[in-house]
Amino acid sequence: MRIVVTSGLGFVTLLLLLGAATPEPRTPAHELFIRKGCAHCHQLKGIKEAKGTQGPDLGKVVASRSVDELTEFLAHPDMAGAGRHLPSLDLTPRQVGMLVELMRNPPRKRKPTPTPQPTPRPSPTGP
Ligand code: HEC
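Following our numbering, the numbering of the sequence shown begins with 16 at its first residue and continues without gaps.
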């Protein structure tokens, strides 16, 4: 009996410890940003791995570029007149979309707003 109680407590403690130690899960776009090496050359607020200084701070870049420009650039980095960028990032159109979205809305510490809940109807308790 005692063993069961103890291991139960231990299990709860383990879960608590794990919960405290597990970092925020990365979104697929965040994952892609790391995997494609963007973080190696760029900074992007909200992505702590993004410490690169070879390329410009992407937070500043998005402030001065339209979605179309960003998309065009990532789809054809070699064509965009940016000779110093990688010849090709080898991104699918879907990945380009994910990265443009990520740059425009970098992850925050806190989740912005949870999915809006449908407004509860007033309960028909009145007369
Ligand atoms: C090897 C380093 C390197 C890697 C890897 C890299 N970049 Fe860049 N990036 C640069 C440099 C350098 C520039 C500046 C190019 C220029 O203006 O001539 C740049 C420019 C850019 C620009 C355009 C800035 C502007 O002024 O319009 C964007 C957007 C961008 N990078 C996004 C990315 C993304 C997203 C990834 C990952 C898929 C990535 N970069 C990977 C080095 C890199």
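Each residue gets a CB set at the ideal place from its N, CA and C atoms; glycine is no exception. On a predicted model such as this, the values are computed, not experimentally measured, just so you know.
For residue i, three-class secondary structure by DSSP
{"i": "V20", "result": "Legend: pLDDT at V20 = 49, less than 50; position of this residue unreliable, value from coordinates given subsequently. Reduced to three states, the DSSP call for V20 is helix."}
{"i": "R119", "result": "helix"}
{"i": "Q132", "result": "coil"}
{"i": "G52", "result": "coil"}
{"i": "P137", "result": "coil"}
{"i": "P43", "result": "helix"}
Residue i Cβ short of 6 Å to the ligand HEC heavy atom set
{"i": "P71", "result": "yes"}
{"i": "K51", "result": "yes"}
{"i": "L59", "result": "no"}
{"i": "R123", "result": "no"}
{"i": "H45", "result": "no"}
{"i": "R136", "result": "no"}
{"i": "K91", "result": "Here residue 91 turns out to be His, not Lys, going by the sequence shown. No; taking the cut-off as 6 Å, the Cβ of H91 has no heavy atom of the ligand HEC nearer than that."}
Cβ neighbours of residue i in the same chain (closer than 8 Å, five flanking residues each side left out)
{"i": "R80", "result": "F88"}
{"i": "L106", "result": "K51, L89, A90, L114"}
{"i": "E4", "result": "Residue coverage of the chain in this structure runs from 16 to 142, which leaves residue 4 outside it and unanswerable."}
Own chain, CB closer than 6 Å to residue i, minus 5 neighbours either side, in chain order
{"i": "A90", "result": "V111"}
{"i": "Q58", "result": "A65, D72"}
{"i": "R119", "result": "V77"}
Own chain residues within Cβ distance below 7 Å of residue i, not counting five before or after
{"i": "E64", "result": "I49, A54"}
{"i": "L47", "result": "Q110, M113, L114"}
{"i": "V20", "result": "Low per-residue confidence applies at V20: pLDDT is 49, beneath 50, and the placement is therefore not dependable, though the value from the model is reported in the following sentence. There are no such residues."}
Q: Any chance you could list the alpha helix (DSSP H) runs of at least 4 consecutive residues sitting entirely within the region 54-108, in chain order?
A: 73-79, 82-90
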